[in-house]
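The structure appears below as structure tokens.
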Amino acid sequence: AQKVTQAQTEISVVEKEDVTLDCVYETRDTTYYLFWYKQPPSGELVFLIRRNSFDEQNEISGRYSWNFQKSTSSFNFTITASQVVDSAVYFCALSARGSARQLTFGSGTQLTVLP
Amino acid sequence: DVKVTQSSRYLVKRTGEKVFLECVQDMDHENMFWYRQDPGLGLRLIYFSYDVKMKEKGDIPEGYSVSREKKERFSLILESASTNQTSMYLCASSFGSVYSNQPQHFGDGTRLSIL
Chain P
1 AQKVTQAQTE ISVVEKEDVT LDCVYETRDT TYYLFWYKQP PSGELVFLIR RNSFDEQNEI
61 SGRYSWNFQK STSSFNFTIT ASQVVDSAVY FCALSARGSA RQLTFGSGTQ LTVLP
Chain G
116 DVKVTQSSRY LVKRTGEKVF LECVQDMDHE NMFWYRQDPG LGLRLIYFSY DVKMKEKGDI
176 PEGYSVSREK KERFSLILES ASTNQTSMYL CASSFGSVYS NQPQHFGDGT RLSIL
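As you go down the protein sequences, you meet chains P and G in turn. If you use our numbering, the first sequence corresponds to residues 1 to 115, in order. If you use our numbering, the second sequence corresponds to residues 116 to 230, in order.
Right under this line is the structure:
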């Protein structure tokens, strides 16, 4: 069975602060994929990143960065210099090669960025 | 640009009614999914389909059925709606093999209330 844990239910920061959203996963498969999605108040989930289990390089995209560490089964997401528009629910998700059930989502982290 | 369209943003039905939720994608994707989203539980997979007329149960299929008669359309059916099916329902699609783990693209969601 696979599992994704996002222990932070809600986080509040003030604009321009950096914030890290934690994601810990469990799977028995050696080949798997990790994802982050953003869900703004409008409701639509927006795909942010996909990372496979063989690529542990950190990734940076503008103010967003992701830290993948297989040793701790974590795939954390950092927003640098946060903005009010970053306020959303963020989901981490896992999909294993051998699983026909596609994505297993964490419970999500509600991020509020205050002006 | 990727587009997944759900027929209704908000829907109110009565207990015992048969309810249809429709989803259409315009990207010629092979795979389509139905999730429900509840506070604190993240997204849970109800059913998915990897080809026309093909379907597989997800984690919580009880009380639901699906239909995929055309590649672009995937319908979720509540055979006899109950109050515990009040939820946000999200449709998604992705391309490629069911094991290819491509990112899923989501619709805006349907907030369904069963009275």
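Heads up, the beta-carbon is just placed ideally off N, CA and C, and yes, glycines get one too. All values derive from a computational prediction rather than experimental measurement.
So residue i contacts chain P; which residues on that side make the cut at Cβ distance below 9 Å?
i: Asn199/G; result: Per Cβ cutoff of 9 Å: no residues; Asn199/G is ~19 Å from chain P at best.
i: Asp223/G; result: Ser42, Gly43, Glu44
Are residue i and residue j closer than 9 Å when you measure CB to CB?
i: Gln110/P; j: Lys16/P; result: no
i: Ser195/G; j: Leu136/G; result: no
i: Val85/P; j: Val13/P; result: no
i: Ser74/P; j: Val24/P; result: yes
i: Gly106/P; j: Gly157/G; result: yes
i: Thr225/G; j: Gln140/G; result: no
Taking Cβ positions only, does residue i come closer than 9 Å to chain P?
i: Asp141/G; result: no
i: Gly211/G; result: no
i: His144/G; result: no
i: Pro176/G; result: no
i: Arg183/G; result: no
i: Met169/G; result: no
Along chain G, which residues have their Cβ under 9 Å away from the Cβ of residue i?
i: Phe91/P; result: Gly157, Leu158
i: Leu103/P; result: Phe148, Tyr150, Leu158, Leu160, Ala207, Asn216, Gln219
Along chain G, which residues have their Cβ under 7 Å away from the Cβ of residue i?
i: Trp107/P; result: Here residue 107/P turns out to be Ser, not Trp, going by the sequence shown. Near Ser107/P (Cβ distances below 7 Å), the residues of chain G are Gly155, Leu156, Gly157.
Using 9 Å as the limit for Cβ to Cβ distance, is residue i near chain G?
i: Ser95/P; result: yes
i: Thr9/P; result: yes
i: Val113/P; result: no
i: Val85/P; result: no
i: Val4/P; result: yes
Legend entry - Residues of the region 21-36 of chain P with Cβ closer than 7 Å to any Cβ of chain G, in chain order: When CB distances to chain G are screened at a threshold of 7 Å, the residues of the region 21-36 of chain P falling below it are Tyr33, Phe35, in chain order.
Inset, instruction - Could you tell me which uninterrupted beta strand (DSSP E) segments, each at least 3 residues in length, are contained entirely in the region 9-39 of chain P, listed from first to last along the chain? - result: You should have 10-14, 19-21, 24-26, 32-39.
Legend entry - the region 44-78 of chain P: positions lying closer than 7 Å to chain G by Cβ: Listed in sequence order: Glu44, Leu45, Phe47, Arg50.
Legend entry - Contained beta strand (DSSP E) runs [length at least 3] in the region 155-204 of chain G, N- to C-terminal order: Within the region 155-204 of chain G, the complete beta strand (DSSP E) segments at least 3 residues long are 157-166, 169-172, 179-185, 188-193, listed from N- to C-terminus.
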